[in-house]
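Residue numbers (the numbering used here): 14 to 432.
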Ligand code: FAD
């Protein structure tokens, strides 16, 4: 008899991490019950289209589902929607649900994700003001569907810029207000920020950097955004994208360690051996980088689902997946591999000031740490290979956009390009 027979794994959070983990757990041989509980009313769906094709209206809810209803049945995964887990009784190995009932668990996985960070003066219930984290948020924007009009986006991170691109493509006048000196400052280098600022300006978006917002103006609904300078920017819609806060309250009230996420080890296990945390809510030990971190990406949510599943079925492997991420804005696909932290050299192929193709490579001691590739899938894929191979790079060759990136590895480069 399989050791998981008759046991129950409960997963809180029915999104990329939670649903992916349930599927992987089954594939890894867990034969006990699997219950996935999520507080959203919809069938679990892909979140990235919310700022892209779903916001634009070219995709509907059915076309962005993570899995069909039949596939949950086939894998014998019980999915409970629109159900909020209120607390964890660690002693009793049970979770308590908002309706007063409980579910017993043998293993518990917290995949509670993150929520949008809010501005104190921009309340969700003020008509015309929106945050974008879930399908309900975007449905409310779609219901307004201003064919024309103006939108002000507060925050020039990936989500703010994707929303800007989507609304601008739909014919709306868009202004992006970024508090820092450049858009994407928290997540990438200056050449990439310059590239995207230019692309948005070419498309007609008014991007304002170093711009502090002091409040919103309007009676029954928002009419304008007020800047610290006193300037008013008219707005029919205000969309706020200033980052997220991990949903850690369940873990915290259960006495688990929390520090910008639920603290877990390299196997996604908390200090309670029967409780795991995965995805956006987890602050985990990354084996590759040998430090604690929290990532917000589909890749990380998926891969951590696998890490926890393996650990639970008794085949633990420390989490060391190479981080990767993408963002779509207009006709530009940005693909990122690796983490650029600690780089001592940046090499740019292409021009931040012209064109729609560019790659930025981040190196330390001639080893590639990360690549940001705009409309350059080859640089992304080959960059990933070179990072994983820990290859020493001939930076002279890497600077030459005419040389295929794989050939910039010193061992290959000397063979293919004898000096
Ligand atoms: P989440 O997707 O946040 O899911 C957590 C779920 O748990 C939610 O449904 C939440 O409501 C539920 N929950 C929380 N607490 C409870 C509770 N107590 N009881 C029951 N349910 C609970 N990533 C990329 O890699 N590429 C992209 O292009 C990209 N675009 C994005 C665009 C948008 C608009 C957004 C919002 C995110 C985007 N991301 C993108 C990030 C990516 O979607 C997240 O990293 C991913 O969704 C994380 O998955 P998760 O399962 O960890 O958490």
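Glycine included, each C-beta is placed from N, C-alpha and C at the ideal position.
Just how far apart, CA to CA, sit residue i and residue j?
i: residue 333; j: residue 302; result: 8 Å
i: residue 94; j: residue 284; result: 28 Å
i: residue 31; j: residue 315; result: 9 Å
i: residue 370; j: residue 327; result: 45 Å
i: residue 130; j: residue 255; result: 6 Å
i: residue 41; j: residue 358; result: 42 Å
i: residue 426; j: residue 368; result: With a pLDDT of 49 at residue 426, under the threshold of 50, the modelled position of this residue cannot be trusted; read the value that follows with caution. Going by the C-alpha atoms only, they are around 28 Å apart.
i: residue 97; j: residue 398; result: 42 Å
i: residue 140; j: residue 191; result: 22 Å
i: residue 126; j: residue 152; result: 20 Å
i: residue 378; j: residue 409; result: 14 Å
i: residue 179; j: residue 246; result: 20 Å
i: residue 344; j: residue 175; result: 11 Å
i: residue 305; j: residue 276; result: 8 Å
i: residue 28; j: residue 58; result: 7 Å
i: residue 325; j: residue 336; result: 23 Å
i: residue 393; j: residue 350; result: 7 Å
i: residue 280; j: residue 330; result: 7 Å
i: residue 187; j: residue 46; result: 49 Å
i: residue 241; j: residue 223; result: 11 Å
Let me check one thing: in DSSP terms, what residues is residue i bridge-paired to?
i: residue 259; result: 127
i: residue 101; result: 108
i: residue 282; result: 289
i: residue 237; result: 230, 247
i: residue 383; result: 351, 375
i: residue 221; result: 190
i: residue 165; result: 188, 251
i: residue 117; result: 107
i: residue 295; result: 275
i: residue 405; result: 380
i: residue 342; result: 345
i: residue 363; result: 371
i: residue 21; result: 46
i: residue 306; result: 297
Could you check if residue i belongs to the surroundings of ligand 1, using beta carbon to heavy atom distance under 7 Å?
i: residue 339; result: yes
i: residue 267; result: no
i: residue 236; result: no
i: residue 30; result: yes
i: residue 307; result: no
i: residue 312; result: yes
i: residue 366; result: no
i: residue 260; result: yes
i: residue 288; result: no
i: residue 326; result: no
i: residue 22; result: no
i: residue 97; result: yes
i: residue 25; result: yes
i: residue 389; result: no
i: residue 91; result: no
i: residue 51; result: yes
i: residue 408; result: no
i: residue 294; result: yes
i: residue 263; result: yes
Since residue i and residue j are thought to touch, with beta carbons under 8 Å apart, how far apart are those beta carbons, to the nearest angstrom?
i: residue 221; j: residue 210; result: Their Cβ separation, rounded to whole angstroms, is 10 Å, which puts residue 221 and residue 210 out of contact at 8 Å.
i: residue 107; j: residue 117; result: 5 Å
i: residue 386; j: residue 375; result: Actually they are not in contact, since the Cβ atoms of residue 386 and residue 375 sit about 12 Å apart, beyond 8 Å.
i: residue 39; j: residue 90; result: 7 Å
i: residue 167; j: residue 132; result: 7 Å
i: residue 164; j: residue 250; result: 4 Å
i: residue 405; j: residue 420; result: Going by Cβ atoms, the distance from residue 405 to residue 420 rounds to 13 Å, so no, they are not a contact pair.
If we cut at 8 Å on Cβ distances, does residue i have a partner in chain C?
i: residue 97; result: Of the chains in the structure shown, none is chain C; there is only one protein chain.
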